[in-house]
Every structure is written in C-alpha cells, then in structure tokens.
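Asker: From first to last, the protein sequence lines are chains L and X. Going by this note's numbering, the first sequence opens with residue 557, and the numbers climb by one from there. Going by this note's numbering, the second sequence opens with residue 557, and the numbers climb by one from there. This is the structure I have questions about; it appears just below.
There are 2 protein chains.
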Amino acid sequence: MARPERRTVRDLRKGNRAVLLRALYFVGPTSRHELTALTGLSAATVSNVTGDLLSDNVIVEAGLVDSDGGRPRVLLRVNPVYGYAIGVDVGETHVRVELFDLDMNEKAKAEFALRPGGHEVELVVRHILAGIEAVLADSGVAPEQVLGIGIGVPGIVESGPDALIHAQTFGWDSVPLGALLREGTSLPLYVDNGAKTMGQAELWFGAGRGSRNAVIALIGSGVGASIITDGVTYRGANSSAGEWGHTKIALGGRTCRCGGRGCLEAYIGAEAILERAGLPLDTATEQAQLAELVRSGSPVIDETVEYLGAGLANLINLFNPERIVVGGWAGLTLGHHLLTKIKKAAAENCLTQPFSTASIVLGRLGPDAVALGAATLVIEEFLLNNTASPARAAAAL
Amino acid sequence: MARPERRTVRDLRKGNRAVLLRALYFVGPTSRHELTALTGLSAATVSNVTGDLLSDNVIVEAGLVDSDGGRPRVLLRVNPVYGYAIGVDVGETHVRVELFDLDMNEKAKAEFALRPGGHEVELVVRHILAGIEAVLADSGVAPEQVLGIGIGVPGIVESGPDALIHAQTFGWDSVPLGALLREGTSLPLYVDNGAKTMGQAELWFGAGRGSRNAVIALIGSGVGASIITDGVTYRGANSSAGEWGHTKIALGGRTCRCGGRGCLEAYIGAEAILERAGLPLDTATEQAQLAELVRSGSPVIDETVEYLGAGLANLINLFNPERIVVGGWAGLTLGHHLLTKIKKAAAENCLTQPFSTASIVLGRLGPDAVALGAATLVIEEFLLNNTASPARAAAAL
DNA sequence: ATACATAGTATATATCTTGAAAAAAGTCAC
DNA sequence: GTGACTTTTTTCAAGATATATACTATGTAT
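As structure tokens, then:
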C-alpha cells in the first residue's frame with residue numbers, strides 16, 4: 557500500500573554508492589569491470605562512484621589481476637581499517653564486548669561474568685561501558701574510528717531513541733538501555749534482540765548466506781526465531797516479531813516459564829527437555845546433560861524431535877522460507893545427531909509444497925555469533941548510509 | 557543483505573510519478589499544494605509530474621476549493637475511466653468475474669455456478685474467458701481499456717509466467733492456469749491465492765486500512781491468513797506463505813482434511829466446528845447451522861473460541877502486527893457475537909507486550925472481496941509501473 | 001480599484017547517469 | 001625493441017532531473 561519513496565537527484569548517487577559498497581562488501585575484492593555486471597551500472601558511473609569511495613578512503617585498491625592480453629584489472633575492496641564496529645552480547649551468564657574491523661576480524665574482546673540473578677541494569681551498563689573502553693585500549697583503536705556499537709540483549713527491544721527493553725528473565729521492564737548508555741558514550745548505538753543479531757550473523761556469514769527468505773531458529777534455554785524477509789530481518793510493528801518459543805503447539809499442555817501453557821519452549825527449550833527427563837537443573841552441566849540424553853537415545857528426545865519438527869513445520873507453513881537454519885546450543889546438539897529425524901518430523905507436520913522448497917540446515921556459527929551479529933547492525937547502517945564525512949576520511953588516512 | 561537497487565536518473569521520475577499517483581489514489585482528490593506536503597517533493601516537481609499525468613490523462617482535475625483569500629486550489633484525482641481492472645474469484649461453488657473502474661466501482665459482473673466436485677480446469681478456464689467477454693460486453697468497455705486481469709484461486713500459486721497452481725480441494729496439481737488463459741486473452745494476468753487477494757482488499761479498502769504490519773485471518777470452510785509486512789502482502793519464497801490453517805496447535809490432535817493431525821483448521825474451520833458438534837455436513841445450510849450453534853452457546857463454540865484465540869496469539873507472537881483482521885464467513889459469524897471472548901483467549905495465549913500493541917478487529921468486506929482484491933493486483937501494478945503509453949493516453953481521451 | 005494572499009509555473013542551476021571516444025596499461029608477434 | 005592488438009578505465013559531452021527563486025495567475029478584503 558505504501559512503499560516507494562525517493563526524491564532528489566542526489567539520492568541517486570547516494571543509492572548507487574550504497575549499491576556498489578554493498579557489492580564490494582559481500583563479494584569481496586572485485587574489479588570495476590565486474591562491478592558493472594554485478595550492479596547493472598554503467599562503466600562510467602562505476603568509475604565515478606568508486607573514485608569517490610577511494611578518495612573518501614572507504615575502499616582501497618587490492619592488487620591486479622591479469623586479463624587476456626589487455627590492461628589488467630585493478631581489484632577494489634572495502635578498506636578494512638576505514639572504521640571499526642563494536643558488538644556486545646548481553647547474555648544470561650555474561651556480558652561480552654568485541655571489536656571488529658570491517659572484515660569482521662576480531663581485534664579485541666572483553667568479557668564479564670554475571671552471577672545468576674545478578675542482572676541489575678546499572679551493573680550491565682557498567683560492564684558494557686568498561687568493555688568498550690577495554691577493547692578500545694587493547695586494540696589501540698580511537699573512539700572516532702568506531703562506526704557504532706551494536707548490542708544484542710534478551711527480551712523485546714522497542715526501537716527508538718531510548719531503546720526500551722522488556723526482558724522478563726532479567727527482571728527488566730521498560731529499561732531505557734540506550735538512554736543509560738548514552739550517558740557514558742557518544743557513539744551511535746544499535747540495540748536489538750540477541751536472537752535477531754545472531755540470526756543476522758548466520759544470514760550474513762553462516763548457514764543462511766545468500767537466502768532472501770529464511771528463518772533462523774534459535775534453541776537454547778529459551779527458544780526464539782529470527783525471520784528474514786526479502787533479505788532483511790523482519791521486526792514487526794514493535795520489534796518483537798519472532799517469538800516462536802511462545803507459540804502454542806499443544807493447547808493446554810505443559811506450563812511454560814512465561815506463565816502460559818503449551819508453549820513450544822516448554823517442550824524444546826533446553827531446560828524444559830531436562831525437566832521432562834527428570835534431571836536436576838544446573839546451568840553448569842546442562843550442556844553435558846543434554847548431550848548425554850541425546851547419546852543415550854532417551855524417549856524424551858524422541859518426543860522433543862517430534863515437537864521441534866512440528867514447530868519448524870509451522871514456520872515453513874507460515875513463512876514459506878527457502879531455508880531454515882537451526883541454531884542455538886541446544887538446537888545444534890540435537891541437530892548434529894538427529895537432523896534426519898527432525899526433517900522427517902517436520903515433513904510429517906507440513907504441507908508438502910512449502911516443505912519441498914525449504915532446506916533445513918544447521919547453524920554454522922557458535923555462541924559468539926550474538927556479538928558478531930550485533931556488530932553487523934553497525935555494518936548494515938554503514939553500508940546503507942555511508943556518506944563519508946570529510947573528517948573521517950582525513951582521519952582514516 | 558540485499559536491498560537497494562536504483563540506477564538512472566529516469567528512474568527518479570518514474571518513482572516520483574508512482575509516489576504521486578499512489579498518493580492521489582489513496583488520499584483521493586487533492587491539490588498540488590497538499591501533494592507537496594504528502595510526498596515531500598518540491599512544488600515545482602509536483603507541478604511537473606502532475607502535468608505529465610494530466611496530459612497522459614491518468615489524472616484529471618476535480619473542481620476547486622477555496623483558500624483563505626488567495627487563488628483557489630485545483631483538486632486533482634485519478635481519472636476513474638483511464639482504465640479498468642477485472643477481478644476474478646475462483647471459489648468452491650462459483651466462478652465470479654467483475655469489472656471495476658479505477659475508483660473500484662463495479663461496472664459489470666458475471667457469475668457461473670460450479671457443481672460440487674466439478675472443478676475441471678478446462679471448465680474453469682472457459683468460465684473465466686466467458687466471464688471476461690460478458691463483463692466487457694455489459695459495460696461497453698473495450699479490451700484495450702483493461703489494464704489487466706487479477707485472479708484469486710484456492711491453493712498455492714507459484715508465481716511465474718505459467719502461474720502454476722496446486723489446489724488439493726480442486727484436484728489441481730501443477731495446473732498452468734496462466735498459460736491456459738493466455739490462449740484466450742492477451743491481457744496482462746495476475747494470479748494469486750484467493751485468501752491473499754481478499755486480504756489485500758481488506759488492507760486497501762476494509763478493516764486493514766492504513767496499517768503497515770497486519771495479518772488478515774480468513775476463516776471459512778478452510779483457514780488461511782494473509783500476511784502484510786511493511787504495507788505489502790508477503791508471499792515468501794514460493795508464494796505459499798500464510799498457511800495458517802495447517803499449523804499445528806494441538807500436536808497429535810484431530811485429523812485434518814490435509815491428512816495431518818492437530819491442525820488449527822481441524823478445530824476452527826467451519827466444517828470442523830460442525831463436525832465436532834455432531835452435525836451433518838451440508839454446504840447449503842452450514843452457515844445457518846454455525847449461526848445457530850453460536851446463538852445457542854454450544855460448548856463446542858467455547859472450545860472453538862479458545863483455539864481461535866490461541867491461533868491468533870501465535871500470529872501475534874510471530875509477526876508482531878499492529879492489527880489483526882478476522883474475516884471469512886465463519887470468522888465473521890464467530891466474531892460478531894464473541895469478539896470479546898476471542899480477544900480474551902488471545903490475550904491468555906500471547907506475550908503481553910506484542911498483544912498490547914495489536915488490535916483485533918473484524919473484517920468489513922463481504923465474500924465479494926476476493927474478486928475485489930484480485931482487481932487490486934492490477935491496480936497495484938498500475939500504481940507502481942504506470943508509464944502511460946501514448947496509445948492508451950490517446951485512446952482514453 | 002487597489003492591496004493582499006495563496007496557488008501554481010517558468011527559468012536557471014547544480015547533479016546525476018550514460019554512451020562514445022580517448023587514454024592507459026598490458027600482451028604478443030616479429 | 002617496436003608496433004599492432006586487447007582489455008580496462010577514464011574523460012567528455014549530452015540528456016534528464018529536482019529544486020530554489022522569481023514570476024504569473026486568481027482569488028478575497030478593503
């Protein structure tokens with residue numbers, strides 16, 4: 557009903573600049589010649605715009621490559637040290653802060669443990685700010701060189717200037733994390749749900765590469781999903797889309813920690829699995845416990861596979877994705893041994909047509925992906941709205 | 557990961573033309589002055605582009621309106637007779653063909669009954685082609701004036717040149733409806749699932765007006781949903797997104813006509829409700845039967861409300877829409893009497909934050925909306941890619 | 001009548017993309 | 001080595017666009 561919106565002739569240049577930069581970022585070192593084919597732009601425009609990008613130091617030359625008896629092609633690539641992105645993972649047990657260059661090489665890392673139940677906002681804010689200082693100091697990167705800070709948090713994030721967060725497990729209700737952090741740093745902030753940042757990491761660098769319609773299912777203690785529509789993370793009206801874990805799969809069934817009954821999370825969440833198997837809950841050993849359950853072929857696992865398959869089938873029926881990525885530590889533990897059974901269970905609970913076009917694969921990134929994905933929020937903005945302030949261009953020289 | 561794509565300076569004009577036309581279409585008669593505010597374009601550009609549109613006869617002047625002591629504003633509006641759109645509804649019991657002008661006034665209508673089980677492709681194609689001829693003859697509209705034909709069909713439509721259709725209830729498996737129709741007409745064809753076209757009708761002209769993130773839930777004999785993301789119908793990788801009726805709500809529960817067990821449709825589909833109430837199935841009386849069940853307060857209805865609420869809650873948790881529209885004849889029958897209870901059931905099965913931002917309302921359009929929505933497929937294309945062939949401009953004069 | 005207010009248009013300007021021509025930077029045959 | 005050839009990249013002129021500003025059109029108020 558309302559989509560297009562474009563105006564002046566300057567937007568054209570800005571848009572084409574973004575198109576070229578994006579191509580260079582995702583395809584890697586490329587010649588101007590190839591860029592004309594990749595983007596559909598004329599050679600002249602490619603030359604013009606890459607000229608701008610070069611003089612702004614956003615991209616750099618990266619060697620030559622022979623051509624059949626003609627002038628060799630000059631390879632271009634994004635300047636990895638044009639700027640840096642910081643990714644923050646606020647998890648149940650830790651606050652992790654990582655600094656990446658534009659090639660997503662980790663240049664520094666800081667981690668702070670959180671006591672169970674010790675999730676006071678002030679503490680988390682202190683850790684984040686300390687972490688930022690630490691990674692900057694360790695890497696020798698100046699704050700001016702940082703393009704922004706991406707933060708993955710649990711719960712629902714209302715995007716806006718304050719970045720209000722609702723996280724039941726943390727006891728956070730309408731916590732303005734963005735506003736609080738801005739008292740300690742002036743860098744641009746991008747706050748999002750951790751499942752979504754991890755999903756974006758899998759989409760950009762992991763098992764979701766190249767898909768335009770995908771769902772990344774994340775199964776750990778909690779259960780969530782990151783929904784990719786037309787190549788972009790879908791957030792919904794208030795950024796809370798993707799609460800797959802609390803969809804009802806068995807109306808009136810097991811009680812979930814959200815208070816509801818019959819939630820998917822109450823069956824396939826890691827804690828729920830252990831509880832159903834009659835095992836004591838202990839965050840220190842739960843990973844080993846789950847692995848042992850899977851190894852021994854417990855009937856609880858068979859049941860879990862059935863619920864997981866049905867849950868995935870629901871996603872496929874609703875979203876018709878071309879790819880489903882199963883991730884999260886519990887998801888990977890189950891998937892590594894039982895992927896075939898999971899697929900079978902999904903097939904049995906799904907319409908044949910959408911099932912046949914959806915490939916179900918395992919995530920390829922580890923738990924670090926939350927911070928990596930948070931950093932991609934920064935990169936996403938950089939690729940879209942990079943307008944090369946002269947100050948930065950000079951500073952980066 | 558991949559979004560922007562724009563090129564030449566001519567695209568600018570095309571885009572701004574679409575922006576203005578869209579504004580005029582949805583806002584109604586408007587002056588150039590107001591259009592500058594609505595679109596953000598400069599007065600000069602509005603003047604230029606509307607000048608083009610006027611001389612192409614796509615829009616026309618529509619009277620004056622006073623301004624406080626100054627030159628009166630000239631109102632502009634879409635020329636309702638610039639072209640026409642045909643909408644086709646291929647349903648279980650009928651093929652309905654309607655012809656609309658650009659104001660969506662119905663100018664002619666043709667209907668053909670289908671016998672139960674009599675859904676042979678050739679028959680349906682014949683009806684559609686005959687209907688097109690009939691509405692053209694009745695309205696006196698020449699084929700050249702028709703912008704296109706939108707067709708809403710049951711089942712899954714693989715968009716493509718052939719418009720392959722998979723409709724189990726019709727016994728259609730990979731039927732190339734588009735290719736078959738093209739043998740009888742050379743007009744542009746737009747084929748889509750009937751639930752999606754009806755959803756688009758509610759979005760444009762009904763209870764969904766103005767919402768960018770919405771789900772239109774359609775409950776009749778079957779159960780489906782039309783998902784609106786960022787103002788546009790979401791179709792997924794193969795146009796089969798929105799198969800809400802076959803998501804599992806009670807794993808291992810009632811058998812559904814799709815062959816699966818525990819599908820939502822097996823609980824809230826009209827036939828399923830009657831079956832659960834122990835009533836005989838008869839398509840002629842089912843609407844009255846359902847109304848009577850609702851009126852008498854049958855316990856089956858209470859249960860149905862519970863399932864429906866949970867199903868809606870699942871949609872809200874996954875999509876975080878700002879609006880949910882409940883439509884379809886069974887949905888409306890239930891909703892008219894039980895909306896409060898349905899909302900309560902949804903609230904109990906939904907996370908509080910996304911529930912609080914989603915309004916649940918009833919559809920405002922009747923069953924005719926399938927054909928109307930099919931016609932909007934034509935209009936959508938017209939608004940986006942209208943490039944005013946001189947031939948058409950002359951013909952319309 | 002004249003002043004004033006508002007709507008809409010014409011003109012000049014700065015940008016933009018592009019196709020064609022020119023330049024650059026190699027290879028290859030001799 | 002040198003000239004012909006190939007391929008990539010840049011330059012340049014042409015065509016198209018949105019916008020700001022100045023200007024015209026068309027009313028009302030006094």
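In this text, a Cβ means the ideal position worked out from N, Cα and C, and glycines have one as well. Please read all numbers here as calculations on a predicted model, not as lab measurements.
Rounded to whole angstroms, what's the CA-CA distance from X/L737 to X/A690? Just pull it up for me.
Answerer: The alpha-carbon atoms of X/L737 and X/A690 are separated by roughly 16 Å.
Asker: Can you tell me whether X/H683 is buried or exposed? The criterion is at least 16 other CB atoms within 10 Å of its CB, across all chains shown.
Answerer: buried
Asker: Determine the chain L residues that contact X/Q909 at a beta-carbon separation under 8 Å, and present them in chain order.
Answerer: I712, H722, N794 and S796
Asker: Would you say X/I880 reaches chain L, if we count a Cβ-Cβ gap shorter than 8 Å as a contact?
Answerer: It does not: the Cβ of X/I880 has no partner Cβ on chain L nearer than 8 Å.
Asker: So if I threshold CB-CB distances at 9 Å, which residues from the stretch 864-876 of chain L count as touching chain X?
Answerer: A866, G867, A869, N870, L871, I872, N873, L874, F875 and N876
Asker: Using a Cβ-Cβ cut-off of less than 7 Å, give me the residues of the stretch 796-829 of chain X that come near chain L, in sequence order.
Answerer: S796, A797, G798, E799, W800, H802, T803, K804, I805, A806, L807, C814 and G816
Asker: Taking 8 Å as the threshold (C-beta atoms), are L/E758 and L/G867 in contact?
Answerer: no
Asker: Assess, as a yes-or-no matter, whether the stretch 812-830 of chain X is touched by the stretch 775-783 of chain X under the definition of 3 or more beta carbon pairs within less than 8 Å.
Answerer: yes
Asker: Where does X/N604 fall in DSSP's three states?
Answerer: helix
Asker: Taking just the CA atoms, how far does L/L568 sit from L/L692?
Answerer: 36 Å
Asker: Could you tell me which chain X residues have their CB closer than 7 Å to the CB of L/V605, listed as they occur along the chain?
Answerer: Listed by position along chain X, the residues whose Cβ is nearer than 7 Å to that of L/V605 form an empty set, because the closest Cβ is around 12 Å away.
Asker: In the DSSP output, what is X/T586 paired with across the bridge?
Answerer: X/L632
Asker: In chain L, which residues lie less than 7 Å from X/G596 when you measure between Cβ atoms?
Answerer: R563, listed in chain order.
Asker: Beta-carbon of X/T785 versus every beta-carbon of chain L: anything under 8 Å?
Answerer: yes
Asker: Report yes if the C-beta distance between L/E654 and L/L631 is below 8 Å; otherwise report no.
Answerer: no
Asker: Straight-line CA distance for L/P946 to L/L609?
Answerer: Here the model assigns L/P946 a pLDDT of 43, short of 50, so the residue's position is not dependable, and the following value carries that caveat. Across the structure, L/P946 and L/L609 are spaced so that their CA atoms are roughly 12 Å apart.
Asker: Is the distance from the Cβ of X/G787 to the Cβ of X/M754 below 8 Å?
Answerer: no
Asker: Closer than 8 Å is the cut-off here; do at least three beta carbon pairs connect the stretch 782-801 of chain L with the stretch 900-917 of chain X?
Answerer: yes
Asker: Are the Cβ atoms of X/T601 and X/I615 separated by less than 8 Å?
Answerer: In this structure, X/I615 does not lie closer than 8 Å to X/T601 by Cβ.
Asker: By a C-beta neighbour count over all protein chains shown, 10 Å radius and 16 as the cutoff for buried, is L/N769 buried or exposed?
Answerer: It is buried - the Cβ of L/N769 has at least 16 other Cβ atoms within 10 Å.
Asker: Measuring CB to CB, does X/L743 end up less than 8 Å from X/G734?
Answerer: no
Asker: Within 8 Å of any Cβ in chain L, is that where the Cβ of X/T913 sits?
Answerer: yes
Asker: Using 8 Å as the cut-off, can you tell me whether the stretch 849-862 of chain X makes contact with the stretch 719-734 of chain X, which would need three or more C-beta pairs spanning the two stretches below that distance?
Answerer: With a cut-off of 8 Å, the stretch 719-734 of chain X and the stretch 849-862 of chain X do not count as touching, because too few Cβ pairs lie within range.
Asker: Consult DSSP for X/H722 and reduce its assignment to one of helix, strand or coil.
Answerer: Reduced to three states, the DSSP call for X/H722 is strand.
Asker: In or out: L/A806 buried (at least 16 other Cβ within 10 Å) or exposed?
Answerer: buried
Asker: Using Cβ-Cβ distances below 8 Å, what residues of the stretch 572-585 of chain X are close to chain L?
Answerer: N572, A574, V575, R578 and F582
Asker: Count the other CB atoms, across all protein chains shown, that sit within 10 Å of the CB of L/A593; report buried if there are 16 or more and exposed otherwise.
Answerer: exposed
Asker: Determine, using beta carbons only, whether X/N942 comes closer than 8 Å to chain L.
Answerer: No, X/N942 does not count as interfacial toward chain L.
Asker: To the nearest angstrom, how far is it from the Cα of L/T984 to the Cα of X/P910?
Answerer: For residue 984 of chain L there is no data in the structure shown, the boundaries of chain L being 557 and 953.
Asker: Using the beta-carbon count (16 or more within 10 Å), is X/E678 buried or exposed?
Answerer: exposed
Asker: Comparing C-alpha positions only, which one of L/A698, L/S730, L/L703 and L/P717 sits nearest to L/P710?
Answerer: L/S730
Asker: Grab the span of the alpha helix (DSSP H) containing X/K804 for me, first residue to last.
Answerer: It is not in any alpha helix (DSSP H) - X/K804 carries neither H nor E in the DSSP assignment.
Asker: Considering only residues of the stretch 908-947 of chain X, which uninterrupted alpha helix (DSSP H) runs meet the minimum length of 4 residues and lie entirely inside it, listed in chain order?
Answerer: 908-912 and 925-941
Asker: Does X/L568 have its Cβ less than 8 Å from a Cβ in chain L?
Answerer: yes
Asker: Cβ of X/N905 less than 8 Å from any chain L Cβ?
Answerer: At least one CB of chain L lies nearer than 8 Å to the CB of X/N905.
Asker: Would a C-beta distance cut-off of 8 Å place X/A763 and X/L871 closer than the cut-off?
Answerer: No, these two residues do not count as a Cβ contact at 8 Å.
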